[in-house]
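Novice: Residues 0 to 342 in numbering that gives the first Met the number 0 are what the sequence shown spells out, letter by letter.
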Amino acid sequence: MNPLAMMMFLTSLAIGTTITLSSHHWLLAWIGLEINTLALLPIMTKTPHPRAIEAATKYFLTQATASALMLFSCLINAMQAGEWDINTPSNLMTNSLSIAIMMKLGLAPMHFWLPEVLQGISLVTGLILSTWQKIPPMILLFQISHNINLSLTVILGLTSVLIGGWGGIGQTQIRKIIAFSSIGHLGWIIIILKLNPQLSLFNFILYTIMTTAMFLSMIMLSATKMSQISTSWTKNPALTTTTMLVLLSLAGLPPLTGFPPKLLIIMELIKQNMFISATLIMLASLLTLFFYLRLTYIIALTLSPNTHNSTIWRTPTKPWLVFSIINTMALTLLPLTPAILLT
């Protein structure tokens, strides 16, 4: 793709996100989301492959449906309340508005588009879709969290964690595994949204950091399938080791970055006397833990029989400072958790 065109599309992504984040008006927030969607479509199809065209079409249709439902809800709300302010949605339309935003995020049971779309696009575009594109809808959910239906968030959160774990077990494609991982993590974020929005925001920030680290690792290894990462040890042992640790961090194992949000969410659910929800979400997360451990096993404890025995380590010619910083944050933020939560 022409660098000037790519620059224009990335600028449009930034502008759309900024409009949504800074707006107090539902119509402006909707316009920002639409700019984001339309800016990402050409980036998806920069490689003219049938899978990329199919992924862009599925993404467009799903986002258009969610945008139509969101705009319908906003119009009904404006008719009832007489204003377009984001912080005052009517109780009648909060459910449909929440479902529209959750469809944009890819929460279960509106998740069917996410694995297929991620599988059809490149790793760099998948990184944008899994992190940057989730910021505007998530911020809108945070803004209406005081009016959101608790039963809706708990049911969708538990469903997302269950489907995220169940769907990822039989996958061999890395991008589909990351997609189901994203669905599971969004379930953890949503289930606590009504009770503690600050904790949800903290969890979302850590999810973004860990997912970015995972995508950057796959980009550096040029791996999109399990069979490719099983041969990565002889190419770059240091990068393979950090990739294994990032996977364990995404699984939520201590003492890595992914552990504190899960611990704090379970403690909050218990504090709210939601013992059944806490038990169910812990049991459902064991499914996610299984496929992360399987990936870790493939990376660290298996070696393809056709790899060479050379001791020469092939490292990237240009050290990537951003990659190092993101990987460090994805592994070592546990001791800083109390300080982060107090700010």
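Even for Gly, the Cβ is constructed at its ideal location relative to N, Cα and C.
1) Can you tell me the Cα-Cα spacing of Asn76 and Met137, whole angstroms?
2) Please state the DSSP three-state secondary structure of Gln172.
3) Quick one: what does DSSP say Phe322 is sitting in, helix, strand or coil?
4) Does the region 21-41 come into contact with the region 79-89, if we say contact requires no fewer than three beta-carbon pairs (one atom in each stretch) closer than 8 Å?
5) Does any residue of chain D have a CB that is nearer than 8 Å to the CB of Ile18?
6) Hey, is the region 31-40 in contact with the region 62-81, meaning 3+ C-beta pairs nearer than 8 Å?
7) Beta-carbon within less than 8 Å of Leu113's beta-carbon, same chain only, minus the 5 sequence neighbours each way: which residues are those?
8) Going by the beta-carbon positions, is the gap between Ala54 and Val116 smaller than 8 Å?
9) Measure from the alpha carbon of Ala222 to the alpha carbon of each residue in Asn90, Ala107, Thr171, then state which is nearest.
10) Given this structure, state the Cα-to-Cα distance separating Ile14 from Leu20, to the nearest angstrom.
11) Comparing alpha-carbon positions, which option in Trp29, Leu161, Gly257, Gly31 lies nearest Met328?
12) To the nearest whole angstrom, what separates the beta carbons of Ser276 and Ile147, a pair I think is in contact under 8 Å?
13) For Val245, which residues from the same chain have a beta carbon less than 8 Å from its beta carbon, with the 5 sequence-adjacent residues on both sides left out?
14) Going by C-alpha distance, which of Ile30, Gly186, Lys103 is nearest Lys57?
15) What three-state label does DSSP hand Lys45 in the structure shown?
16) For a minimum of 4 consecutive residues, which ranges assigned as the alpha helix (DSSP H) are wholly contained in the region 200-257?
17) Excluding the 5 residues flanking Ala51 on each side, which residues of the same chain have their C-beta closer than 7 Å to its C-beta?
18) Is it the case that the Cβ atoms of Thr278 and Ala250 are separated by a distance below 8 Å?
19) Starting from His24, follow its DSSP beta bridges and name the residues at the other end.
20) How many whole angstroms separate the CB atoms of Ile298 and Asn202, which I take to be in contact at a CB cut-off of 8 Å?
21) When DSSP labels each residue in this structure, what does Asn148 get in the three-state scheme?
22) In whole angstroms, what separates the C-alpha of Leu282 from that of Val160?
23) Out of Met219, Ile324, Leu185, Pro196, state which residue places its alpha-carbon closest to the alpha-carbon of Leu340.
24) By Cβ distance below 7 Å, which residues in the same chain neighbour Leu238 in space, the five residues on each side in sequence not counted?
25) What first and last residue would you give for the alpha helix (DSSP H) that runs through Gly125?
26) Roughly how many whole angstroms lie between the Cα atoms of Asn272 and Leu155?
27) On the criterion of 16 or more Cβ atoms from any shown chain inside 10 Å, does Lys270 qualify as buried, or is it exposed?
28) Output the distance between the C-alpha atoms of Gly167 and Ile176, rounded to the nearest integer angstrom.
29) Taking Cβ positions, are Asn94 and Leu151 nearer each other than 8 Å?
30) Expressed to the nearest angstrom, what Euclidean distance is found between the alpha-carbon atoms of Thr310 and Met7?
31) According to DSSP, is Ile143 helix, strand or coil?
32) Note the first and the last residue of the continuous alpha helix (DSSP H) segment covering Gly290.
Specialist: Quick look at the numbers:
1) 20 Å
2) strand
3) helix
4) yes
5) The displayed structure is made up of one protein chain only, and chain D is not part of it.
6) yes
7) Gly105, Ala178, Ser181, Ile182
8) yes
9) Thr171
10) 10 Å
11) Gly257
12) With 8 Å as the limit, Ser276 and Ile147 do not qualify as a contact, their Cβ atoms being about 16 Å apart.
13) Met209, Ala212, Met213, Ser216, Asn326, Ala329, Leu330
14) Lys103
15) coil
16) 225-228, 236-250
17) Met43, Thr44, Gly119, Ile120
18) no
19) Asp84
20) No, Ile298 and Asn202 are not in contact; Cβ-Cβ is about 25 Å, not under 8 Å.
21) coil
22) 10 Å
23) Pro196
24) Ser216, Met219, Leu220
25) 122-129
26) 19 Å
27) exposed
28) 5 Å
29) yes
30) Note that Thr310 scores a pLDDT of 47, beneath 50, so its modelled location is shaky; the value from the coordinates is reported in the next line. Whole-angstrom Cα-Cα distance: 44 Å.
31) coil
32) At residue 290 the sequence reads Phe, which differs from the Gly that was named. 274-299 is the span of the alpha helix (DSSP H), which, as asked, contains Phe290.
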